[in-house]
Each structure stands twice: as C-alpha cells, then as structure tokens.
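Each residue of the sequence shown is one higher than the one before, starting from 30 at the first, in the working numbering. No residue lacks a Cβ here, since even glycine has one placed at the ideal position from N, Cα and C. These numbers were taken from a predicted model, which means no experiment stands behind them. Written out below as structure tokens is the structure these notes cover.
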Amino acid sequence: MEDLRRVDQEVFALVQQEEQRQAHKIRLIASENYVSAAVLQATGTVLTNKYSEGYPGKRYYEGQQIIDQVETLAIERARALFGAEHVNVQPYSGSPANLAVYLAFLSPGDTILGMALPHGGHLTHGSPVSISGKYFNAQSYQLNPETGLLDYEAIRQKAIECRPKIIIAGHSAYPRILDFPKFREIADEAGALLMVDMAHFAGLVAGGAHPSPVPYADVVTTTTHKSLRGPRGAMILCREKHAQAIDKAVFPGIQGGPHDHTTAAIAVALKEASTQEFKAYARQIVANARALAEVLMMRGYRLITGGTDNHLMLVDLTNKGIAGKKAARILDNAGIVLNCNAIPNDPRKPFDPSGIRMGTAAVTSRGFKEAEMAEVGRLIDTVIADPDNEAVQARVAAEARQLCAGFPAPGLEHIA
Ligand code: DSN
Numbered sequence: 030m031e032d033l034r035r036v037d038q039e040v041f042a043l044v045q046q047e048e049q050r051q052a053h054k055i056r057l058i059a060s061e062n063y064v065s066a067a068v069l070q071a072t073g074t075v076l077t078n079k080y081s082e083g084y085p086g087k088r089y090y091e092g093q094q095i096i097d098q099v100e101t102l103a104i105e106r107a108r109a110l111f112g113a114e115h116v117n118v119q120p121y122s123g124s125p126a127n128l129a130v131y132l133a134f135l136s137p138g139d140t141i142l143g144m145a146l147p148h149g150g151h152l153t154h155g156s157p158v159s160i161s162g163k164y165f166n167a168q169s170y171q172l173n174p175e176t177g178l179l180d181y182e183a184i185r186q187k188a189i190e191c192r193p194k195i196i197i198a199g200h201s202a203y204p205r206i207l208d209f210p211k212f213r214e215i216a217d218e219a220g221a222l223l224m225v226d227m228a229h230f231a232g233l234v235a236g237g238a239h240p241s242p243v244p245y246a247d248v249v250t251t252t253t254h255k256s257l258r259g260p261r262g263a264m265i266l267c268r269e270k271h272a273q274a275i276d277k278a279v280f281p282g283i284q285g286g287p288h289d290h291t292t293a294a295i296a297v298a299l300k301e302a303s304t305q306e307f308k309a310y311a312r313q314i315v316a317n318a319r320a321l322a323e324v325l326m327m328r329g330y331r332l333i334t335g336g337t338d339n340h341l342m343l344v345d346l347t348n349k350g351i352a353g354k355k356a357a358r359i360l361d362n363a364g365i366v367l368n369c370n371a372i373p374n375d376p377r378k379p380f381d382p383s384g385i386r387m388g389t390a391a392v393t394s395r396g397f398k399e400a401e402m403a404e405v406g407r408l409i410d411t412v413i414a415d416p417d418n419e420a421v422q423a424r425v426a427a428e429a430r431q432l433c434a435g436f437p438a439p440g441l442e443h444i445a
C-alpha cells in the first residue's frame, strides 16, 4: 500500500490499525469473516473504474469486452456451485437484494411473512423500521417460547390466516437448520412464493455442511461476505421463470451500475468455495460452533435452543447477572469481538438486550479447531465471571493475542 501511504497518511494509518485489530483479536461476529488475499486483490482492481448498467451482452455503455466476461464467470460459477437455474450477481449487498425480490413480486401494501426481528429475523424481512415493513403489510412468525425453535405448525397457521404473497425463511440469529421442504409445503398451501435468505449460512450450503434451499425456494438471496467468505456484495438465485423479473428489479429497479470490482472478487470467492478445502472449512465451522457451545454450556451458560447446528449460537446471559451490551463491551476490551443480541421474548431493550451472539466463520478461516474453541470458551467465561475487573480483561486480551499469533488470518499473513 505504498501509494496509499504517500497520498493519504491518515487513511493509510487507519487501515493499518484495522489490520492489527483483525489480526490480534478473536473475531466472533457471526456475519463476519476474513477473505483471502486473492479476493482482496480482485476487490482492489481497476474494475472499479467501469460503468456497466445492464447485463452481459446487453449494456447501455460501450467498453464491456472484459466486464461481460467477468460477470459471466461469476454467474456461471454461482450457478454451478449452488445448482441454481439463474443468478444475478449485481446486488450491492443483502438489503438491496431482498428489496429487489420485493420489487419483483409485490406491490406496495402486499403481505409478506417473515421471522420477527427480535426472534432472529433480519431487518429486511418486514421489521417496522425497515422499508420492508413500511411499504408492505409485514406479518411475522416467532419462535416457540419454550423451545426457542421454529414452530412450523404455527407458521403454517399464520400463513393460511394472512395469505402472504411471499414467505421469507432465513435469519440472522437462529442457531438451527431450517426445514426447507416444510417451508415449501407451507408456501404451496398458502399460495405464496418462498424466498430464502441464506446470507448467514451460504458458505455452509456451498461446502455441503447445511441443506441447500435452492431446490425448494422460488428465490434465494445471499450476501457474499459472511460464511461464503467473499467481498461485500450479494446474489439472487432463482428459477428461470423468475429470471427476467429479478433482473429488471435489480437494474433498473433499484440499482444503477454494478460494482464490477466486487463482481470479480465474488467470482474469485466462488472459485475458492468450489474446492475440497472449502468443504473441509464449512464442516469445521460447524464443528467449531458445537465445540464452543459445549464448553459454554458446561460452564453454565444458557444457549437458546440448547446448542447449535450451524455456525452461530445465541447465549442468554440472564443467569450470569450481566446484560448483553456490557458483556460485549468488556469482551471487546479483552480481545474477543462479538455483538449483543436480543433473545426470543427478550424483556430488555434491543440496544441493551439479554444476550450475545457469536459465530465461528472468521476464527475457522484462521485455522482454529475444537481445541482453540475450548480455549476461547474459557477466556469468555473468565471475563464474564469478573465483569468489572479491568486487569482480568487486559490479561485475557494478551492471551487472546497470543492464541491468534499461532494462526495468521487470511489476507493478514504479513502482520506480526
Ligand atoms: N448485519 C448482519 C448480521 O450481523 O447478521 C446481517 O445483515
């Protein structure tokens, strides 16, 4: 980054500091990861200089000889990896991708049915503060208050009662595998389209560590930067009969020119995700989540649903006498980065909820296995058990840094 250093020392210094932070801390935010150096390099190319409204072979501006090939490569790799009939790789991120699906199939005021945000759904699945809840009649389903699990019979009844045009399956904080055949059955019975937002677990699907929604859903949206380990971006996978509606909704419906440098990096990430190594990575993400969940439960932590089948877990801290926001803050001081999170039927406010969420995609990218996850669980407990002790936090931060030092993060191998 010699040119960046010369031209703008302030930004250069901040980037360097962020590199240090990512290298030295144990990153457990369930939606984050470390992309490879190859993905970083593709993101930083001259493809950022190009405008290419339209789609390969049908663009509004000239000079698309190379860009068409880049986008086609990304599309074909995504189709092959996920077995999808049609893929749009242009959405800028997950929220625009979801909005594009709504634009493709809904008129303002139409009914959608998604998982409630406080129960693990995403803002764009119909939260009242999001455009998805403001422009549409957003109905929601919730988790069973006793088990913390999805109650498919209750979802079915709700769908029959409100007759949504789209049922949304997918989440940001649900630690279990979704029953896609069951969602398909419910959608058929209610006469709805089924949309699956697989942003969180797309990498697990790609690596065969999670069932694929593609055979069951009409439309699947995903970000590319979570467990899939690509650049910040998104894709929409759909059946051929919806291809035109989806493409028109993305452009010109809600977006202008695609970010071609991102498309190139998505293509690289998809190539990486098609390898045997990535399959092993996806399996290890799940094994690591289980290992961390077990250590925490052994130490008296209450996990929502009693464990995890995917990359994430949700911990109710009520019995530990500490709220989620404070827990997240002191853990960050101690070199362990995660986020506070509402638990189902949380009596506390969203900005300071009762729980914390953690995921294993990023630490698995740097090579942590079950033994390191046990160590991470011990460190978390040490901090939570003595929440006002800054000396403990400093000691744990040093231990976290030492643990990370043995596992250089992808893209950050140059950091000592
Ligand atoms: N913000 C992401 C997450 O953390 O789950 C979802 O978009």
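Query                                                                                                                                                            : Result
Along the chain, where does the beta strand (DSSP E) that runs through S201 open and close?                                                                      : Per DSSP, S201 belongs to no beta strand (DSSP E) and is neither H nor E.
Measure the C-alpha to C-alpha separation of H290 and T411 and round it to an integer number of angstroms.                                                       : 43 Å
If G199 and A302 are in contact, beta carbons under 8 Å, what's the gap, nearest whole angstrom?                                                                 : Contact doesn't hold; Cβ gap of about 19 Å is too wide.
Which residues count as close to the ligand DSN when the rule is a CB under 5 Å from any of its heavy atoms, in chain order?                                     : S60, S201
Between the alpha carbons of T334 and T176, how many angstroms are there, rounded?                                                                               : 6 Å
Please report the residue range of the beta strand (DSSP E) in which A438 lies.                                                                                  : Counting along the chain, A438 falls outside any beta strand (DSSP E), and DSSP gives it neither H nor E.
Which whole runs of the alpha helix (DSSP H) in the region 361-394 are 4 residues long or more, in chain order?                                                  : 390-394
Near V315, what residues of its chain come up, given a Cβ to Cβ distance below 6 Å and the 5 sequence neighbours on each side ignored?                           : A238
So, for A126: in the same chain, excluding its five sequence neighbours on each side, which residues have a beta-carbon less than 6 Å away from its beta-carbon? : P120, T250, A263, I265
Are the beta-carbon atoms of S161 and L142 separated by less than 9 Å?                                                                                           : no
Run through the DSSP bridge pairs and tell me what S169 is partnered with.                                                                                       : G143
Of the residues A216, Y63, A202, which one's Cα is nearest the Cα of M227?                                                                                       : A202
With DSSP run on the structure shown, which of helix, strand or coil describes L57?                                                                              : coil
Can you tell me whether DSSP reads R34 as helix, strand or coil?                                                                                                 : helix
Assign I194 to one of three DSSP states: helix, strand, or coil.                                                                                                 : Note that residue 194 is Lys in the sequence shown here, rather than Ile. Reduced to three states, the DSSP call for K194 is coil.
For a quick check, are the C-beta atoms of S60 and H229 less than 9 Å apart?                                                                                     : yes
Please classify Q305 as buried or exposed, where buried requires at least 16 other C-beta atoms within 10 Å of its C-beta.                                       : exposed
Quick check: what's the CA-CA separation for A216 versus F397?                                                                                                   : 39 Å
Could you tell me the distance, in whole angstroms, from the CA atom of G282 to the CA atom of G259?                                                             : 25 Å
Need the endpoints of the alpha helix (DSSP H) that I265 sits in, please.                                                                                        : Not the alpha helix (DSSP H): I265 falls in the beta strand (DSSP E), residues 263-267.
With A426 and A363 assumed to form a contact (beta carbons below 8 Å), what rounded beta-carbon distance in angstroms separates them?                            : 5 Å
DSSP beta-bridge partners for K87?                                                                                                                               : Y84
Got a sec? Which residues, its chain only, sit under 7 Å from A429 by beta carbon, not counting five neighbours each side?                                       : K54, I55, A363, G364, I365, L408
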